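The opening residue of the sequence shown carries number 1 in the UniProt record's numbering; numbering runs sequentially from there.
Note sheet for the following structure.
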Amino acid sequence: MTSPQETPARYEPSQHGYDVGLLVLRLVLGLTMAGHGAQKLFGWFGGPGLDTTGHYFTLSGYPSGKTMALIAGLSETLGGLGLVLGLLTPLAAAAIFGTMINALAVRWGGGFFAPKGVELELLIIAGAAALALTGPGRYAVDHFLPVLRAHRLVHGVVALVIGAVAAGVVLAFRE
């Protein structure tokens, strides 16, 4: 049996493997959320557009449904694109995190699994939180920004707290 100091190099974890894994997560989550936002804002990809989404928000108990739909659509689109690029990743993830807390609150009570469940919302919340806490990896714009180059856990925690507080404020206005 070998000691940890004698472990062959082929068994050491690969930093590039971590970075590629984070890139895959950022691309899938970011493109999915940007697409959802574009559905709300512009009616792209078979989406309802801003007026219909605003009406849905009003029916869901939000005041000024169209304004809330605009905020959700922008949060999803800009947060998603931020994740894709790895740009201001903690804040981009927090935008997705906060928006999905509201989506979770609207869908709560229908069970866990589809068609009325919340498993997708929880998965997106977990993915956004994971990216906020881990950072985007080396294959990201943040890697070239001095303040965010060396991701710090505190950045992610603060961003998630901001996202949760913003979500709570919005939910406080919901009837």
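Just so it is clear, CB atoms sit at the ideal spot from N, CA and C, and this is done for glycine as well.
Treat the numbers as computed from the prediction; the structure is a model and nothing was measured.
If you compare alpha carbons, which of His151, Ala94, Phe173 is closest to Trp19? The sequence as given places Asp at residue 19; Trp does not occur at that position. Ranked by how close their Cα comes to the Cα of Asp19, the residues His151, Ala94, Phe173 have His151 in first place.
Apply the 10 Å Cβ neighbour rule to His36 and answer buried if 16 or more other Cβ atoms are within range, or exposed otherwise. buried
Report back the beta-carbon spacing between residue 193 and Ala72 to the nearest angstrom; my notes put them in contact at under 8 Å. Nothing about residue 193 can be reported from this structure: the residues present for the chain run from 1 to 175 only.
Rounded to whole angstroms, how far is the Cβ of Phe97 from the Cβ of Ala140, which I believe are closer than 8 Å? With 8 Å as the limit, Phe97 and Ala140 do not qualify as a contact, their Cβ atoms being about 18 Å apart.
Anticipated Cβ contact below 8 Å, Asp142 with Thr89, distance rounded: Going by Cβ atoms, the distance from Asp142 to Thr89 rounds to 5 Å, so yes, they are a contact pair.
Excluding five sequence neighbours on each side, which residues of the same chain lie with their C-beta closer than 7 Å to the C-beta of Phe57? Closer than 7 Å at Cβ, skipping near neighbours: Gly65, Met68, Ala69.
By the three-class DSSP mapping on this structure, what secondary structure does Trp108 have? Looking at Trp108 - three-state DSSP - the assignment turns out to be coil, as it is neither helix nor strand.
Among the residues of its own chain, which have a CB less than 7 Å from the CB of Ala167, if the five just before and after it don't count? Cβ within range, chain order: Gly98, Ile101, Asn102.
What do you get for Thr14, buried or exposed, if any count of 16 or more other CB atoms within 10 angstroms of its CB means buried? Position check: residue 14 holds Ser in this sequence, whereas Thr was assumed. The residue is exposed, with fewer than 16 neighbouring Cβ atoms inside 10 Å.
How should Pro63 be labelled, buried or exposed, when 16 other C-beta atoms within 10 angstroms of its C-beta is the threshold for buried? exposed
Checking contacts by CB at 8 Å: is Leu85 closer than that to chain C? Included in the structure is just one protein chain, with no chain C present.
Assumed close pair Pro138, Val84 - CB separation to whole angstroms, cut-off 8 Å: First, the residue type needs correcting, since residue 138 is Arg and not Pro in the sequence shown. No, Arg138 and Val84 are not in contact; Cβ-Cβ is about 16 Å, not under 8 Å.
For Lys40, name the three-state secondary structure that DSSP assigns. helix
Going straight from the alpha carbon of Leu81 to that of Ile162, what length do you get? 19 Å
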